[in-house]
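Peer 1: This is the structure, below, for whatever I ask next.
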Amino acid sequence: MVEPPGPVLVVVPTYDERENLGPAVARLHAALPDADVLVVDDASPDGTGELADALAAADERVRVLHRSGKDGLGAAYLDGFRHALTGEHQVVVEMDADGSHAPEDLPALLAALTDADVVLGSRYVPGGRVVNWPWHRELLSRGGNLYSRLALGVPLRDITGGYRVYRRTVLEQLHLDAVASQGYCFQVDMAWRALQAGFRVSEVPITFTERERGASKMSGGIVAEALWRVTCWGLSHRLGRGTPQRPAGPVTEGAAHG
């Protein structure tokens, strides 16, 4: 395996994932033994936070960030990213706790950093696939990605996916305090900001598997937010009102792949 460009921190947001967290962390460390894990728990009523504390007490590679309540996926990741930037980690990974993101795919995502600044785990590029999803969920996902691709004029096939890898420099230069998106729109927002800033974004095929335990956090409000924000960004971009956020320091030039 190609070595990642520095220490890796995997940010795992949780809300009522007690049944899934332990197996997810074990699989992750089997696939990538040197990776650190940051569990960001939103005061889960089912005791996920307490389990995370127990995992951290038993393994120095596991850390826990407790938040006061359920405040959205985007806010949880942003807090995780800010925490990552206080330490030594040079690579930050987004990964769900519910088993839908296979840790076994992570080495391939990290290897792609050789030619990229952001790597998206993609269900919809050749080699990617979805397992055990009901047809209406996959239709909604594919439709959302197609709409985002057309509205924003980007080549990415899976801009809504939540399994991805960032170089530290990307998170340092994207003005995280300006990101207000929640839900799955957060994923579109971050990829769009990275592209607008001139970072190289690539896609690597993954296998996405529907969770076996627990309930999905998808809701109508999440979908509505994503449609509204993507439409506004697309219109602003086409009317020339969007202001690309250029990186503060030198960044290797490159286009999005996919």
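All letters in the sequence shown, in the order written, are residues -12 to 245 by this note's numbering.
We treat Cβ as the ideally placed atom computed from N, Cα and C, and that holds for glycine.
#1: Relative to the C-alpha of glutamine 174, which candidate in Arg144, Thr156, Thr194 and Glu159 has its C-alpha closest?
#2: Helix, strand or coil: how does DSSP classify valine 175 here?
#3: Figure out for me which residue from Gly(-7), Pro32, Thr101 and Glu(-10) has the closest Cα to the Cα of glutamate 6.
#4: To the nearest angstrom, how far is it from the Cα of alanine 89 to the Cα of glycine 108?
#5: Check the DSSP bridge columns for phenylalanine 195 and list the partner residues they point to.
#6: From the DSSP output, which residues share a beta bridge with arginine 151?
#7: Find the nearest neighbour of glutamine 77 within the set His53, Cys219 and Asp23, judged by alpha-carbon distance.
#8: If you measure between the beta carbons of glutamate 81 and glycine 149, is that distance less than 8 Å?
#9: When you compare the CB positions of aspartate 104 and arginine 180, do they come within less than 8 Å of one another, or not?
#10: So is serine 135 buried or exposed if we call it buried at 16+ other beta carbons inside 10 Å?
#11: Use the C-beta contact count for cysteine 172: other C-beta atoms within 10 angstroms, 16 or more gives buried, fewer gives exposed.
#12: Which of the three DSSP states is assigned to valine 26 in this structure?
#13: Could you spell out where the alpha helix (DSSP H) holding leucine 161 opens and where it closes?
#14: Valine 175 CB to nearest chain B CB: under 8 Å?
#15: Under three-state DSSP, which class holds histidine 53?
#16: Could you check what DSSP says for threonine 35 in three-state terms: helix, strand or coil?
#17: Could you have a look at valine 112 and say whether DSSP puts it in helix, strand or coil?
#18: Taking the alpha carbon of glycine 130 as the reference point, which residue from Pro(-9), Arg154 and Tyr111 has its own alpha carbon closest?
#19: Between Leu25, Ala13, Arg50 and Asp3, which lies nearest to glycine 34 when the distance is taken from Cα to Cα?
#20: Are there 16 or more other CB atoms within 10 angstroms of the CB of arginine 116, so buried, or fewer, so exposed?
#21: Can you tell me where the beta strand (DSSP E) holding proline 94 begins and where it ends?
#22: Considering just the uninterrupted stretch of the beta strand (DSSP E) at proline 0, what are its terminal residues?
#23: Using the Cβ count rule (16 or more neighbours within 10 Å means buried), how would you classify threonine 1?
#24: Under the assumption that glycine 9 contacts alanine 30 (Cβ atoms under 8 Å), give the Cβ distance between them as a whole number of angstroms.
Peer 2: In this structure, then:
#1: Of the listed residues, the one whose Cα sits closest to glutamine 174 is Arg144.
#2: Here DSSP, grouped into helix, strand and coil, assigns valine 175 to helix.
#3: Nearest C-alpha to glutamate 6: Pro32.
#4: So the alpha carbons of these two residues sit roughly 10 Å apart.
#5: Partner(s): His88 and Val117.
#6: In the DSSP output, where bridge partners are listed per residue, arginine 151 has Glu81 and Leu107.
#7: Checking every option, the nearest Cα to that of glutamine 77 belongs to Asp23.
#8: Cβ atoms of glutamate 81 and glycine 149: closer than 8 Å.
#9: Contact: no.
#10: The residue is buried, with at least 16 neighbouring Cβ atoms inside 10 Å.
#11: Buried, because 16 or more other Cβ atoms sit within 10 Å of the Cβ of cysteine 172.
#12: The three-state reading of DSSP puts valine 26 in strand, counting E and B together.
#13: Segment: none, leucine 161 is in no alpha helix (DSSP H) and carries neither H nor E.
#14: As a matter of chain content, chain B is missing from the structure shown, which is built from one protein chain.
#15: Assigned with DSSP and collapsed to three states, histidine 53 falls in strand.
#16: In the structure shown, threonine 35 sits in a helix (DSSP, three-state: H, G or I).
#17: Coil.
#18: Nearest option by C-alpha distance: Tyr111.
#19: Nearest of Leu25, Ala13, Arg50 and Asp3 to glycine 34, Cα basis: Asp3.
#20: Burial call: exposed.
#21: Unbroken run through proline 94 is the alpha helix (DSSP H), 93 to 98; no beta strand (DSSP E).
#22: Unbroken beta strand (DSSP E) run through proline 0: -5 to 1.
#23: Buried.
#24: About 19 Å separates the beta carbon of glycine 9 from that of alanine 30, a gap too long to meet the 8 Å contact definition.
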